[in-house]
Amino acid sequence: AAQAQHLEQQAGAQAPVVRQSDASVQADPEGAAGEAQPSAEERQRLRRDFREHCQVLQTEVLPELRVCREDLSNSIKAVEARIAELRHRCSEAEREGNEEFESLRAHLKSVESLKAAVLCRERDVRAKLIDE
290 AAQAQHLEQQ
300 AGAQAPVVRQ
310 SDASVQADPE
320 GAAGEAQPSA
330 EERQRLRRDF
340 REHCQVLQTE
350 VLPELRVCRE
360 DLSNSIKAVE
370 ARIAELRHRC
380 SEAEREGNEE
390 FESLRAHLKS
400 VESLKAAVLC
410 RERDVRAKLI
420 DE
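Those letters in the sequence shown? Residues 290 to 421, by the working numbering.
This is the structure we're talking about:
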């Protein structure tokens, strides 16, 4: 009941159309269309209808919204977990790629050194043959 009153107060604060029409009716008792202010019974009926609508929202719509919010929260958590998994896999692949690159680079340097040594040896052999 307290929540319904709170919602009624909030809706009253958020319903400038009603207040605006009330103000125009008060300024001109006949109103633009010749209508008078709502009677006390009419105001009570409107309040009762409003409370009933609030009750329907609380009992039917709000639980559905909570379920939807929970589903969205779970979906967000699943997406965040997937993002974390993909980041981990990417960093692992990058690390493995760097290791393989460094391994190939070291192998190429050793082959280059061996080839340079062979070429130096051949140069020395040819130089000896020329000198003889």
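Don't be surprised by glycine CBs; every beta carbon is placed ideally from N, CA and C.
Asked	Found
In whole angstroms, give me the CA-to-CA distance for E381 and I365.	24 Å
By the DSSP assignment, the alpha helix (DSSP H) with Q333 in it spans what residues?	329–345
What does the alpha-carbon distance come out to for the pair A416 and S392?	36 Å
Please report the straight-line C-alpha distance between R332 and E341, rounded to a whole angstrom.	14 Å
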